Amino acid sequence: MHLESPDQERKAAHDPSSTEGVPQTPVPLGVRGSGPSSRTLLQALAQPKAFEGPRVPVQERIVEALETTLPLLDSEAKPRRDEIDGKIRELRLAPGRSAQEKAPELAELEAARPPDYLRGLLYLGSIVLTEVPATEEDLVRLISTATMEATDNSQGSRAQAPDLPRASGTERDIIDNTLRTMEAAGQLEYLRESGIVGPAWKLVVEVHYYSDRGTISTAGSLHKDTEGQTLFVNLNYINSEPIMGPEYVVNPPTVAEHEEHIGNSLPKPFLSDLGGVRELGDPTTIGTTEVPVNGVVSFVDEAVHHATPLTGHRTTTAAKLQTYLRGDPTLGGDCRLAEDVWGNSRPTDGFLSWFTSPKSFRDQLPSSWEPDRKARWETLMDLCSRPTEEVSRPVLKDCLESGQIDELMSRYGPEGLNSVNIPHQARTVPQGAEKKPTGRYPLRRPEAEQNLTLSRRASSPDLLGKSVLGGVGGKRSFFRTWVRAVPVKPQSEANAK
Numbered sequence: 002m003h004l005e006s007p008d009q010e011r012k013a014a015h016d017p018s019s020t021e022g023v024p025q026t027p028v029p030l031g032v033r034g035s036g037p038s039s040r041t042l043l044q045a046l047a048q049p050k051a052f053e054g055p056r057v058p059v060q061e062r063i064v065e066a067l068e069t070t071l072p073l074l075d076s077e078a079k080p081r082r083d084e085i086d087g088k089i090r091e092l093r094l095a096p097g098r099s100a101q102e103k104a105p106e107l108a109e110l111e112a113a114r115p116p117d118y119l120r121g122l123l124y125l126g127s128i129v130l131t132e133v134p135a136t137e138e139d140l141v142r143l144i145s146t147a148t149m150e151a152t153d154n155s156q157g158s159r160a161q162a163p164d165l166p167r168a169s170g171t172e173r174d175i176i177d178n179t180l181r182t183m184e185a186a187g188q189l190e191y192l193r194e195s196g197i198v199g200p201a202w203k204l205v206v207e208v209h210y211y212s213d214r215g216t217i218s219t220a221g222s223l224h225k226d227t228e229g230q231t232l233f234v235n236l237n238y239i240n241s242e243p244i245m246g247p248e249y250v251v252n253p254p255t256v257a258e259h260e261e262h263i264g265n266s267l268p269k270p271f272l273s274d275l276g277g278v279r280e281l282g283d284p285t286t287i288g289t290t291e292v293p294v295n296g297v298v299s300f301v302d303e304a305v306h307h308a309t310p311l312t313g314h315r316t317t318t319a320a321k322l323q324t325y326l327r328g329d330p331t332l333g334g335d336c337r338l339a340e341d342v343w344g345n346s347r348p349t350d351g352f353l354s355w356f357t358s359p360k361s362f363r364d365q366l367p368s369s370w371e372p373d374r375k376a377r378w379e380t381l382m383d384l385c386s387r388p389t390e391e392v393s394r395p396v397l398k399d400c401l402e403s404g405q406i407d408e409l410m411s412r413y414g415p416e417g418l419n420s421v422n423i424p425h426q427a428r429t430v431p432q433g434a435e436k437k438p439t440g441r442y443p444l445r446r447p448e449a450e451q452n453l454t455l456s457r458r459a460s461s462p463d464l465l466g467k468s469v470l471g472g473v474g475g476k477r478s479f480f481r482t483w484v485r486a487v488p489v490k491p492q493s494e495a496n497a498k
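Taking our numbering, the leading residue of the sequence shown gets 2, the next gets one more, and so forth.
1) Kindly indicate which three-state DSSP category Y118 falls into: helix, strand or coil?
2) Which partner residues of N237 appear in the DSSP bridge assignment?
3) So P443 and N419 are in contact, right, with Cβ under 8 Å, and what is the actual spacing, rounded?
4) Could you tell me which residues DSSP pairs with V421 in its beta bridges?
5) Let me know the secondary structure DSSP gives W202 once reduced to three states.
6) Mind checking who T286 pairs with in its DSSP beta bridge?
7) Tell me which residue opens and which closes the alpha helix (DSSP H) that H262 is part of.
8) Apply the 10 Å Cβ neighbour rule to N496 and answer buried if 16 or more other Cβ atoms are within range, or exposed otherwise.
9) Go ahead and pull the three-state DSSP assignment for K50.
10) Less than 8 Å between the beta carbons of E248 and L311, yes or no?
11) By DSSP, does R315 sit in helix, in strand, or in coil?
12) Would the beta-carbon of V57 fall within 8 Å of that of S127?
13) Would I89 and L110 be called neighbours here (beta carbons separated by less than 8 Å)?
14) Are E303 and L275 touching if we call contact CB-CB under 8 Å?
15) Excluding sequence positions up to five away, which residues of its chain have a Cβ less than 7 Å from the Cβ of D283?
16) Going by other Cβ atoms of all chains shown within 10 Å of its Cβ, with 16 needed for buried, is G328 buried or exposed?
17) Going straight from the alpha carbon of P96 to that of E416, what length do you get?
18) Reducing DSSP to helix, strand and coil, say where P310 ends up.
19) Kindly indicate which three-state DSSP category R81 falls into: helix, strand or coil?
20) E84: buried (16+ other C-beta within 10 angstroms of its C-beta) or exposed?
21) Rounded to whole angstroms, how far is the Cβ of P55 from the Cβ of A147, which I believe are closer than 8 Å?
22) Counting beta carbon pairs with one atom in the segment 98-108 and one in the segment 168-185, are three or more of them shorter than 8 Å?
23) Is V392 helix, strand or coil by DSSP?
24) For E248, report the span of its beta strand (DSSP E) as first-last.
25) I'd like the list of long-range same chain contacts for R441, defined as Cβ closer than 6 Å, with 5 residues on each side in sequence excluded.
26) Go to G333, then tell me how far its alpha helix (DSSP H) extends in each direction, as first and last residue.
27) Determine the DSSP secondary structure at S127, reduced to helix, strand or coil.
28) Return helix, strand or coil for E150, following the three-state DSSP convention.
29) Do the CB positions of Q426 and V251 come within less than 8 Å of each other?
30) With a cut-off of 8 Å on the beta carbons, I'd call R62 and D213 a contact; round off their distance for me.
31) In chain order, what residues of the same chain lie with their CB nearer than 7 Å to the CB of L143, ignoring the 5 residues before and after it?
32) Taking L119 as the reference, give the member of A160, R93, T380 and T131 with the closest Cα.
33) For a test of the three-state rule: what should DSSP assign to A162, helix, strand or coil?
34) Determine the contact status of S299 and K50, defining contact as a CB-CB distance below 8 Å.
35) Taking the alpha carbon of E68 as the reference point, which residue from P488, S478 and K490 has its own alpha carbon closest?
36) Judging by CA-CA distance, which residue of L236, K225, N154 and N240 is the nearest neighbour of T255?
Here it is as structure tokens:
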């Protein structure tokens with residue numbers, strides 16, 4: 002595939018030593034051993050952070066060039082792509098051969114197929130680092146000399162676009178924006194202090210471009226989208242107004258199959274430092290952050306579960322509400338009494354109240370109950386009489402305490418925020434165990450019978466009305482970076498020490 006050379010002015014515009022767009026107080030570069038321990042640093046990094054992008058003018062230049070180049074590349078690729086798509090359809094419909102017999106040929110066609118350049122997600126290539134810059138001069142030199150290359154990655158064949166940075170003249174700017182973001186997030190400081198990168202381990206900094214992420218597919222669904230090699234995740238947003246960032250749970254309950262996997266796929270020094278994060282205690286909230294204009298969200302992949310933000314409240318059904326009320330130690334007694342009375346009472350108010358049973362629901366409740374208590378239980382019983390109806394915090398806030406609503410939603414609310422999805426590639430089945438066909442695991446400690454009780458920070462008024470879009474043309478757009486640790490030697494040797 003060939004395009005005319007990108008505008009030379011764009012190449013000349015890049016200056017890695019420029020302070021344009023760089024925060025006035027960036028995380029300082031330092032010598033290993035001169036600051037906090039790597040364990041302390043990772044504990045601090047475990048809490049996801051939102052901050053202004055360190056190279057906003059550079060990022061704006063990248064986006065403009067990519068959005069200009071993508072339609073040109075897609076138009077050039079379309080004839081070949083259509084040709085291969087036709088062959089794929091013919092092969093799939095061809096009789097006389099099983100799907101297994103067709104698989105090798107289908108794989109060859111998919112590998113030869115040009116990508117969909119206008120799709121929502123594209124892999125732009127990776128920055129491979131065999132050492133961590135120790136000084137500002139080292140970082141400037143690295144930005145000037147590093148290249149982006151195609152490495153192994155988890156994105157499908159139709160998302161592969163490692164030719165795009167060079168075709169658009171953005172390779173140097175992408176490297177600058179990516180490495181400056183790692184510096185501003187404190188990740189380079191951690192990598193220097195931990196000593197992970199060296200003879201045994203290298204970094205593969207994988208860069209993706211979401212031109213339009215959307216908000217539906219994973220909204221309110223906690224997950225991991227990496228495969229057990231990722232140390233850090235950075236999301237560089239392209240937003241013209243403040244927006245809601247991902248929701249997350251810090252130090253969530255571990256999953257045995259995933260722990261087995263990362264015990265072999267991540268460097269031992271990092272796993273040791275991760276032990277410090279495990280000391281933070283059980284989470285109590287599903288958190289989120291407000292992302293500033295052209296902001297960044299960074300987090301430690303193994304320290305959190307995350308989700309595309311759910312802009313509304315968690316919901317459950319009235320039937321599950323009734324199950325919760327019956328089983329709660331403090332509410333169960335009142336619930337059973339209220340259920341008995343509800344079936345043998347007339348409405349407290351309204352026309353029908355005078356033509357049914359002689360006593361209203363509230364009249365039949367114990368005289369020792371305060372009027373507010375009677376009113377709450379009448380509302381609750383009315384809700385429970387419509388078992389399929391959805392209920393949420395605004396409906397329940399006058400009937401239940403805030404902590405009780407949190408417990409209800411943590412046990413009986415949407416599965417997406419009560420469990421985590423872990424890709425099959427990031428799970429290893431312990432010997433003798435059966436592998437789950439799906440990757441969803443409840444948010445509970447192994448010895449616990451019930452999920453952790455988590456409130457939603459996103460339920461606060463200042464975040465509930467916040468948009469999750471805010472990008473150009475109302476899109477949810479961002480660059481996603483996975484900072485992966487990859488063994489230089491065979492895995493067993495890399496983790497030998």
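Glycine included, C-beta positions come from ideal geometry on N, C-alpha and C.
The structure presented is a predicted model; accordingly, all values stated were derived computationally and were not measured.
A quick look at the data gives this:
1) Shown here, Y118 sits in coil according to DSSP, grouped into three states, outside any helix or strand.
2) DSSP output for N237 lists V297 and F480 as bridge partner(s).
3) The pair is a contact, with the Cβ atoms about 7 Å apart (cut-off 8 Å).
4) Under DSSP, V421 forms a beta bridge with Y442.
5) The DSSP-derived three-state label of W202 is strand.
6) Bridge partners of T286: S456.
7) It spans A257 to S266 - the alpha helix (DSSP H) in which H262 sits, taken as one unbroken run.
8) Around the Cβ of N496, a 10 Å sphere holds 16 or more other Cβ atoms; the residue is buried.
9) In the structure shown, K50 sits in a strand (DSSP, three-state: E or B).
10) Yes, they are a contact pair.
11) Coil.
12) By the CB criterion at 8 Å, V57 and S127 fall outside the cutoff.
13) Closer than 8 Å, so yes.
14) Contact flag set, yes.
15) Contacts found: L453.
16) Classification for G328: exposed.
17) So the two alpha carbons sit approximately 41 Å from each other.
18) DSSP, read as helix, strand or coil, puts P310 in coil.
19) The three-state reading of DSSP puts R81 in helix, counting H, G and I together.
20) Under this definition E84 is an exposed residue.
21) In fact, because the Cβ distance is near 17 Å, the residues do not count as touching under 8 Å.
22) The answer is no - the segment 98-108 does not touch the segment 168-185, with fewer than three Cβ pairs under 8 Å.
23) Per DSSP, reduced to three states, the secondary structure at V392 is strand.
24) Per DSSP, E248 belongs to the beta strand (DSSP E) from E248 to V251.
25) Only S420 and N422 meet the Cβ criterion.
26) It spans G333 to W343 - the alpha helix (DSSP H) in which G333 sits, taken as one unbroken run.
27) Three-state result, S127: strand.
28) Note: E150 maps to strand in three-state DSSP.
29) It is not a contact, given that the beta carbons lie outside the stated cut-off.
30) R62 to D213, Cβ: 20 Å. No contact.
31) Excluding sequence neighbours, L143 sits near P134 and L180.
32) Minimum Cα-Cα distance from L119 among the listed residues A160, R93, T380 and T131 corresponds to A160.
33) In the structure shown, A162 adopts coil according to DSSP, grouped into three states.
34) When the beta-carbon positions are compared, S299 and K50 come within less than 8 Å of each other.
35) Out of P488, S478 and K490, S478 has the C-alpha closest to the C-alpha of E68.
36) Checked all of L236, K225, N154 and N240; the closest Cα to T255 is K225.
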